[in-house]
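Engineer: So that we are looking at the same thing, I have put the structure below in structure tokens.
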Amino acid sequence: ARAKEVLQGIGMATVEQQGEERVSVALQNALQAEADRLVAEGMANPSDISDVLRYGLGLRWAASGLHAPQDAVLVAMLRALKAQDAGAGAVLNRFDAAQAETVLDIKQPLPTVTRTVPLDWTDYNGHMNEARYLQAFGDATDRFMEIIGCDADYIASGGSYFTVETHIRHLDEVHAGARIRVETQCLLGEGKKMQLFHRMFEGDRLLATGEHMLIHVSLGTRRASVPADHIAARLEQIAESHKELPLPDGVGRAVG
7 ARAKEVLQGI
17 GMATVEQQGE
27 ERVSVALQNA
37 LQAEADRLVA
47 EGMANPSDIS
57 DVLRYGLGLR
67 WAASGLHAPQ
77 DAVLVAMLRA
87 LKAQDAGAGA
97 VLNRFDAAQA
107 ETVLDIKQPL
117 PTVTRTVPLD
127 WTDYNGHMNE
137 ARYLQAFGDA
147 TDRFMEIIGC
157 DADYIASGGS
167 YFTVETHIRH
177 LDEVHAGARI
187 RVETQCLLGE
197 GKKMQLFHRM
207 FEGDRLLATG
217 EHMLIHVSLG
227 TRRASVPADH
237 IAARLEQIAE
247 SHKELPLPDG
257 VGRAVG
């Protein structure tokens with residue numbers, strides 16, 4: 007009882023069992039024996055079995071054990087794996103990258119986010135939490151940066167954009183399960199400055215807008231700097247094209 011109290015006091019889960027053999031060891035041995043049998047009989051190779059565990063059973067067991075499926079927990083785990091580009095998360099990242107490889111019409115607002123709103127994006131009011139609007143618009147900004155060439159390799163070389171001002175308008179409710187998309191219009195793209203206007207939709211319904219001013223910086227000095235020539239050229243190309251579009255409603259709005 008004392009050991010249980012101490013372990014729980016430092017944030018660990020405990021399992022009480024009968025007998026001397028540890029349940030975890032017994033299960034691991036049984037799983038290993040079955041895996042060895044499958045390999046010996048030619049039904050699978052070790053790599054296949056590892057993939058089944060990493061991409062399927064291991065995730066399910068970690069989220070909910072054998073008897074209590076919890077989809078929201080599994081989704082959260084997959085997001086964490088995506089952030090680390092590990093296991094099943096790496097598979098999802100490859101899929102996302104393939105989906106992003108489309109020909110863009112720069113004469114129109116650019117599609118920068120398409121996703122389903124997960125349950126854990128909602129709050130006690132039963133709709134999407136205000137912080138998640140910023141996350142969605144932040145993801146849209148990241149995608150726009152990739153489009154102009156400010157990708158992971160460029161950032162690793164020492165250049166990036168920092169957001170210096172943001173204004174979000176919450177125009178309609180968003181609920182879990184909604185399929186949302188964000189379209190991005192470049193209002194300004196010259197020198198060190200980049201000004202973006204995001205619009206979030208569900209179908210034809212406008213849900214929110216986000217206006218963002220960003221400055222190009224040197225990650226070495228942490229100060230404003232001019233972007234590389236290829237970044238500046240692509241940004242200016244899109245900005246010039248988007249000047250032909252109608253100015254979105256809400257541009258330049260302040261609170262009130």
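Using the working numbering, you'd call the opening residue of the sequence shown number 7 and step up by one each time.
We put the CB at the ideal spot given by N, CA and C, even for glycine.
Being a predicted model, the structure only gives us computed values, none of them experimental.
Would you be able to state if there are at least three C-beta pairs under 8 Å between the segment 176 to 186 and the segment 206 to 224?
Structural biologist: yes
Engineer: Sort out for me which residues DSSP pairs Ile221 with in a bridge.
Structural biologist: Phe168, Lys199
Engineer: Just to confirm, are Ile221 and Ala234 a CB contact at a threshold of 9 Å?
Structural biologist: Judged by their CB atoms, Ile221 and Ala234 are not nearer to each other than the 9 Å cut-off.
Engineer: For His176, does the three-state DSSP call read helix, strand or coil?
Structural biologist: strand
Engineer: If you measure between the beta carbons of Ile153 and Arg259, is that distance less than 9 Å?
Structural biologist: no
Engineer: Met219 and Glu189 - do their beta-carbons sit closer together than 9 Å?
Structural biologist: no
Engineer: At what residues does the alpha helix (DSSP H) containing Val58 begin and finish?
Structural biologist: Start and end: 52 to 58.
Engineer: For Leu87, collect the residues of the same chain with a Cβ closer than 7 Å to its Cβ; drop the 5 residues on either side in sequence, then sort them by chain order.
Structural biologist: Gly93, Ala94, Gly95
Engineer: Does the distance from the CB of His204 to the CB of Glu217 come in under 9 Å?
Structural biologist: yes
Engineer: Leaving out five residues before and five after Asp126 in sequence, what residues of the same chain have Cβ atoms less than 7 Å from its Cβ?
Structural biologist: These residues qualify, in order along the chain: Ala78, Ala82.
Engineer: Do you know whose CA, among Phe143, Cys192, Leu194, Ser224, lies nearest Tyr167's CA?
Structural biologist: Ser224
Engineer: Considering only residues of the segment 72 to 134, which uninterrupted beta strand (DSSP E) runs meet the minimum length of 3 residues and lie entirely inside it, listed in chain order?
Structural biologist: 116 to 122
Engineer: Whose C-alpha, out of Gly183, Val97, Val45, is nearest the C-alpha of Thr128?
Structural biologist: Gly183
Engineer: Would you kindly work out how many angstroms separate the C-alpha atoms of Ile5 and Ala146, rounded to a whole number?
Structural biologist: No statement about residue 5 is possible, as the shown extent of the chain runs from 7 to 262 and does not include it.
Engineer: For Gly216, list the residues DSSP reports as bridge partners.
Structural biologist: Ile174, His204
Engineer: Spatial neighbours of Ala41 within its chain, please: C-beta separation below 6 Å, excluding the five flanking residues on both sides.
Structural biologist: Closer than 6 Å at the Cβ level, and outside the excluded window around Ala41, lie Ile55.
Engineer: Can you say whether His236 is buried or exposed, counting buried as having 16 or more other CB atoms within 10 angstroms of its CB?
Structural biologist: exposed
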